[in-house]
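Visitor: Protein chains in written order, with the numbering used here: chain Z, 109 to 511; chain P, 109 to 511.
1. What's the gap between the Cα of residue 502(Z) and the Cα of residue 219(Z)?
2. Going along the chain, which unbroken runs of the alpha helix (DSSP H) with 4 or more residues stay wholly within the segment 194-282 of chain Z?
3. With 8 Å as the threshold, decide whether the Cβ of residue 323(P) is near any Cβ in chain Z.
4. Could you tell me whether the Cβ of residue 378(P) comes closer than 8 Å to any Cβ of chain Z?
5. Output the distance between the C-alpha atoms of residue 363(Z) and residue 238(Z), rounded to the nearest integer angstrom.
6. Run through DSSP, which three-state label would residue 182(Z) get?
7. Do residue 174(Z) and residue 281(Z) have their C-beta atoms within less than 8 Å of each other?
8. Under 8 Å Cβ-Cβ, which residues of chain Z neighbour residue 361(P)?
9. Cβ closer than 7 Å: which chain P residues qualify as neighbours of residue 419(Z)?
10. Can you tell me where the alpha helix (DSSP H) with residue 494(P) in it begins and where it stops?
11. Just the C-alpha distance for residue 271(P) and residue 390(P), rounded to the nearest angstrom, thanks.
12. Any beta carbon of chain Z sitting closer than 8 Å to that of residue 494(P)?
13. Three-state secondary structure (DSSP) at residue 162(Z)?
14. At what residues does the beta strand (DSSP E) containing residue 354(Z) begin and finish?
15. Pull up the CB-CB distance for residue 343(Z) and residue 242(Z), whole angstroms please, since I reckon it's below 8 Å.
16. Using the beta-carbon count (16 or more within 10 Å), is residue 324(P) buried or exposed?
17. Under 8 Å, do residue 414(P) and residue 352(P) count as touching if we go by C-beta distance?
18. Relative to the alpha-carbon of residue 478(Z), which residue among 283(Z), 459(Z), 491(Z) has its alpha-carbon at the smallest distance?
19. Kindly say whether residue 354(Z), judged by its beta-carbon, lies nearer than 8 Å to any beta-carbon of chain P.
20. Does the Cβ-Cβ distance between residue 133(P) and residue 186(P) come in under 8 Å?
21. Three or more C-beta pairs under 8 Å: does that hold for the segment 176-190 of chain Z against the segment 281-297 of chain Z?
22. Could you tell me the alpha carbon to alpha carbon distance between residue 462(P) and residue 264(P), rounded to whole angstroms?
23. Relative to the C-alpha of residue 447(Z), which residue among 331(Z), 470(Z), 143(Z) is closest?
24. Starting from residue 419(Z) and walking both ways along the alpha helix (DSSP H), at which residues does that stretch end?
25. How far does the beta strand (DSSP E) with residue 445(Z) in it reach, from first residue to last?
26. Tell me residue 334(Z)'s beta-bridge partners as DSSP assigns them.
27. Residues of chain Z with CB under 7 Å from residue 358(P), in chain order?
28. Just reading off the alpha helix (DSSP H) that residue 478(Z) is part of, what are its end residues?
29. Residues of the segment 421-454 of chain Z in Cβ contact with chain P at a cutoff of 9 Å, in chain order, please.
30. Could you compute how far the alpha carbon of residue 437(Z) sits from the alpha carbon of residue 453(Z)?
31. If the cut is a Cβ gap below 8 Å, which residues of chain Z does residue 411(P) touch?
32. Can we say the segment 330-343 of chain P touches the segment 241-261 of chain P, given the rule of at least three CB pairs closer than 8 Å?
33. Please report whether the beta-carbon of residue 175(P) lies at a distance below 8 Å from any beta-carbon of chain Z.
34. Anything in chain P within Cβ reach of residue 335(Z), meaning under 9 Å, just list it in chain order.
35. Relative to chain P, which residues along the segment 272-295 of chain Z have a C-beta separation below 8 Å, given in chain order?
36. Going by DSSP, name the residue or residues bridged to residue 286(P).
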């Protein structure tokens, strides 16, 4: 498998003066031996699967400079730089913008591609290159739809290690992720502790809150309730984008905070001084923003994937999986030096929940750094507070050691 | 108009040992002179309108013992006792349960019907007896649907005073309400200050937060996105109950708190020890609760009414309406002695927002009592914390004076 994504010309993107430049996504076929498919945590099996990933920087001769970046719920492998050849039906938008963590990854940036070889793998079940419900089932020649097996955070960790195996990489310097990506990073450090030198978790806990479960349930319900849903078999027909839009609008609220929305939108009307008095039209800036976010999201995301991703988050419970319900017991497995970062206004993964993780790590006598960054940007702060996050990650990666 | 609702036999309802007993809802026709219809704040007009209300206790000879109770978003005039004759297409459920604030209103209860004459008016636009989008438009012989005019909190206050006028009641001892009802109570005290002796506002602020606007927008979007919505003209056909269910599930989350949901449901699975691994089925207790709440709600509520109610809440901004944007200036209008009650875990009308109201009242040199009740029950606390709320209201009403 060629690793040619990093050979591209370095350009100065308009929004990204220190971009890693053009990158090409790579695909890897895994579990291609049909006698030995991937057996999933939930009981299903599948094979072969395609896995999309991107890499930034050069792999050292000893393959000892690897940092694994884990993406969030609706993210993809395109973490940095500019996509040279976006592919797939929903991915036209990727031509237009740099990777989702472009501020963190690149030459001289906190995850410095002059030193490190960063790698980001798109999770199974997504619609961004790795196999998922919108992929063609080779047995039927049609998209899997809901016949795609249920995937879990544990499966995602397993697949990321499989990719590393294939690339001949044993131990990694660090795994880093925010939100759902933080849970994948945690799971990487829990499932193969010897292979993970450092672990950085941002805006993520060892499980969803009850409120998080509830919001996910509403989002899925909105999609399933859409008359175009057709049991998930809507490919080639009208997609259930109205339901997906509602799910996204709601989720968007949980990514922000009252303070950030108050400052950005308040109660301001959209382009007028007095309301039109309309039930179904746009009156407030806040509504306009949500509509815009939803409209852009449904263009680029598969409703079925939203079901798979949110369910995987629902099921993840590190204490239950690795400690029989005891989070301290689970944390005893971890060998990686650890950084945990929460944000004061994050209410999807609130600081109290991250402090539970921190407390369990402490009580498991595990060395760690914990920072609660004061921020008004809510859950999205891990993407927005680039200065504060950049300083922490830069310092955390100053002297990493493999395994 | 006869006031016969209070003559019913006193019974001991199973869930309500100190019930006011059977009550009969009353209806009043207002603005029956078609030359002088009700002119609404948003510019529309309508007439005649029907207004449903209930009363509890006996009106004193001097008509000086009146307390106005204001209901919340999906509430109705049935605040106490047991409905003798529920009517209307969606109101079968009302046979089965006592009024929504039955713990507060009755003989010997905090709003003591041995002393007071309590009155609760269903707001215009609702589906619980007062005219609304599901009512028959006399001009067409068909339900109004979205041709029903936009109503505001100001209109509701105006109509409540019209009902009082018709009953020959001038000044009232007190107006009391929680959530949207608290906003109506505030508006009653702002719009006719001389007529309101005391004002009690629970779990409500002078406006919605930006987050509140956002949640309302998502709820309406869910309804409008339902393929059965048909521009609001769905009467006699399949109603957009899937959209309404999604709206209610989401709203339900905002009425609770992470703590109360965590204690009540946590991450417990529904009737099983291990998950079924199902995307669309019920796995968690939390999901089961939301589904149950939504299923029961769509049986008893009209989707169009949900649009009207939430929009009215969106538009309400006491500072803008009465103070040109200055809340202190607005509060200078109020003559009523005032009680403001917030709940520590309420994040729909958070204590900080209520303290803004309190601060404005103080700076307007207005005497008031403010209590922030420590509670884990979130926004619903005003309905759930019956002991604490009851003590406050009882004490507040100990020595009320008319006007």
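By construction, the Cβ of each residue, glycine as well, lies at the ideal position given by its N, Cα and C atoms.
Guide: The answer reads as follows:
1. Along the first chain, read from residue 1 onward, the residue named residue 502(Z) stands at position 394. Along the first chain, read from residue 1 onward, the residue named residue 219(Z) stands at position 111. Approximately 7 Å, taken between the alpha carbons.
2. 261-274
3. By one-based count along the second chain, residue 323(P) stands at place 215. Chain Z contact via Cβ: present.
4. Locating residue 378(P) in the second chain gives position 270, counting from the first residue. Closer than 8 Å: no.
5. The sequence position of residue 363(Z) within the first chain is 255, counting from 1. The sequence position of residue 238(Z) within the first chain is 130, counting from 1. When rounded, the distance between both Cα atoms is 25 Å.
6. Translated into positions along the first chain, residue 182(Z) becomes position 74. Coil, per DSSP.
7. Reading the first chain from its first residue, position 66 is the one you call residue 174(Z). Reading the first chain from its first residue, position 173 is the one you call residue 281(Z). Yes. Within cutoff.
8. Within the second chain, numbered from 1, the residue matching residue 361(P) stands at position 253. The answer, in chain order, is 319, 322, 323, 326.
9. For the purposes of this step, residue 419(Z) is taken as residue 311 along the first chain, with counting starting at 1. Going along chain P in sequence order, the residues near residue 419(Z) (Cβ under 7 Å) are 387.
10. Here the question's residue 494(P) lines up with position 386 in the second chain. 494-504 is the extent of the alpha helix (DSSP H) around residue 494(P).
11. Your numbering for residue 271(P) matches position 163 in the second chain. Your numbering for residue 390(P) matches position 282 in the second chain. A straight line joining the alpha-carbon of residue 271(P) with that of residue 390(P) spans about 46 Å.
12. Counted from its first residue, the second chain places residue 494(P) at position 386. Any Cβ of chain Z closer than 8 Å to the Cβ of residue 494(P) would place that residue at the interface, and such an atom is absent.
13. Locating residue 162(Z) in the first chain gives position 54, counting from the first residue. Strand, per DSSP.
14. Walking along the first chain from the start, residue 354(Z) turns up at place 246. That residue, residue 354(Z), is in no beta strand (DSSP E); its alpha helix (DSSP H) goes 349-363.
15. The sequence position of residue 343(Z) within the first chain is 235, counting from 1. The sequence position of residue 242(Z) within the first chain is 134, counting from 1. Confirmed, Cβ separation roughly 6 Å.
16. Taking the second chain and counting its residues from 1, the one referred to as residue 324(P) is at position 216. Counting Cβ neighbours within 10 Å, residue 324(P) comes out buried, since at least 16 surround it.
17. In the second chain, counting from the first residue as 1, residue 414(P) sits at position 306. In the second chain, counting from the first residue as 1, residue 352(P) sits at position 244. Yes, these two residues count as a Cβ contact at 8 Å.
18. Counted from its first residue, the first chain places residue 478(Z) at position 370. The shortest Cα separation from residue 478(Z) among 283(Z), 459(Z), 491(Z) belongs to 459(Z).
19. Mapped onto the first chain, residue 354(Z) falls at position 246. For residue 354(Z), the answer is yes, since a Cβ of chain P falls inside 8 Å of its Cβ.
20. Here the question's residue 133(P) lines up with position 25 in the second chain. Here the question's residue 186(P) lines up with position 78 in the second chain. Yes, they are a contact pair.
21. As far as the Cβ criterion goes, the segment 176-190 of chain Z touches the segment 281-297 of chain Z, which means the pair count is three or higher.
22. The sequence position of residue 462(P) within the second chain is 354, counting from 1. The sequence position of residue 264(P) within the second chain is 156, counting from 1. Rounded to whole angstroms, residue 462(P) to residue 264(P) spans 22 Å at the Cα level.
23. Here residue 447(Z) refers to the residue found at position 339 when the first chain is read from its first residue. With distances taken between CA atoms, residue 447(Z) lies nearest to 470(Z) out of 331(Z), 470(Z), 143(Z).
24. Locating residue 419(Z) in the first chain gives position 311, where the first residue counts as 1. Segment 411-423, the alpha helix (DSSP H) holding residue 419(Z).
25. Translated into positions along the first chain, residue 445(Z) becomes position 337. First-last of the beta strand (DSSP E) with residue 445(Z): 445-451.
26. To locate residue 334(Z), count along the first chain from 1; it is residue 226. Paired residues: none, contrary to the question.
27. For this step, residue 358(P) is matched to residue 250 along the second chain. By Cβ distance, chain Z contributes 326, 358.
28. Here residue 478(Z) is taken as the residue at index 370 of the first chain, counted from 1. In the DSSP assignment, residue 478(Z) falls outside any alpha helix (DSSP H) and lies within the beta strand (DSSP E) extending over 476-481.
29. 422, 423, 425, 428
30. Residue numbering aside, residue 437(Z) sits at position 329 when the first chain is read from its first letter. Residue numbering aside, residue 453(Z) sits at position 345 when the first chain is read from its first letter. For residue 437(Z) and residue 453(Z), the distance between alpha carbons rounds to 29 Å.
31. As a first step, residue 411(P) is located in the second chain; it is residue number 303 there, counting from the start. Under the 8 Å cutoff, chain Z gives no residues; its nearest Cβ is about 11 Å from residue 411(P).
32. yes
33. Along the second chain, read from residue 1 onward, the residue named residue 175(P) stands at position 67. No - not a single Cβ of chain Z is within 8 Å of the one on residue 175(P).
34. Your numbering for residue 335(Z) matches position 227 in the first chain. Chain P residues near residue 335(Z): 334, 335, 336, 350.
35. none
36. Translated into the one-based positions of the second chain, residue 286(P) becomes position 178. DSSP lists 310(P) as partners of residue 286(P).
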